[in-house]
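Following numbering that gives the first Met the number 0, the residues of the sequence shown are numbered contiguously, the last one being 101.
Here a beta-carbon is modelled for each residue, glycine too, at the ideal position from N, C-alpha and C.
Quick caveat, the model's predicted, so the values are computed rather than measured.
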Amino acid sequence: MLEDDKAEDLSIVNLIGKTAIADYMIIASGRSQRHVGSIADNMTERLKKAGVARVGIEGRQRADWVLLDVGDVIVHLFRPEVREFYNLEKMWAIPLPEQATH
Numbered sequence: 000m001l002e003d004d005k006a007e008d009l010s011i012v013n014l015i016g017k018t019a020i021a022d023y024m025i026i027a028s029g030r031s032q033r034h035v036g037s038i039a040d041n042m043t044e045r046l047k048k049a050g051v052a053r054v055g056i057e058g059r060q061r062a063d064w065v066l067l068d069v070g071d072v073i074v075h076l077f078r079p080e081v082r083e084f085y086n087l088e089k090m091w092a093i094p095l096p097e098q099a100t101h
């Protein structure tokens, strides 16, 4: 889906056991605000056609960083500079400390 729209630098982050917000996070870049917005619009349309009833969208107006909430999967679409600044892959790659067992 993202490859069809020429999304770049695709990354999938496994969130299972790290958070309850989602199981996976998909991160991709677009070359410009227009490209990021177009990727988000096309992905939203494809998801709706595939029967996904609810897709939450944040950031579409500016299109520097668009978040699509598809339930168990969260998709982040960035302009490259914004993606580098937030560096979500690094943030979520940090292992959680082992929980103490009593």
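Pick out whichever of E88, L76 and I26 has its Cα sitting closest to the Cα of R61. L76
At which residue ranges does the region 14-49 contain complete beta strand (DSSP E) runs of 3 or more residues, listed in the order of the chain? 23-28
Simplified DSSP assignment, three categories, for D4: helix
Tell me where the alpha helix (DSSP H) around V81 begins and ends. P79 to Y85
Answer yes if the region 18-28 comes into contact with the region 56-75, meaning at least three C-beta pairs across the two stretches below 8 Å, and no otherwise. yes
Quick check on the burial criterion: 16 or more other C-beta atoms within 10 angstroms. Buried or exposed for G36? buried
The beta strand (DSSP E) spanning V65 covers which residue range? W64 to D68
Within the same chain, show all residues whose beta-carbon is closer than 6 Å to that of L46, passing over the 5 residues directly before and after it, in chain order. Annotation for L46: V54 place their beta carbon closer than 6 Å to its own, counting only its chain and skipping 5 residues before and after.
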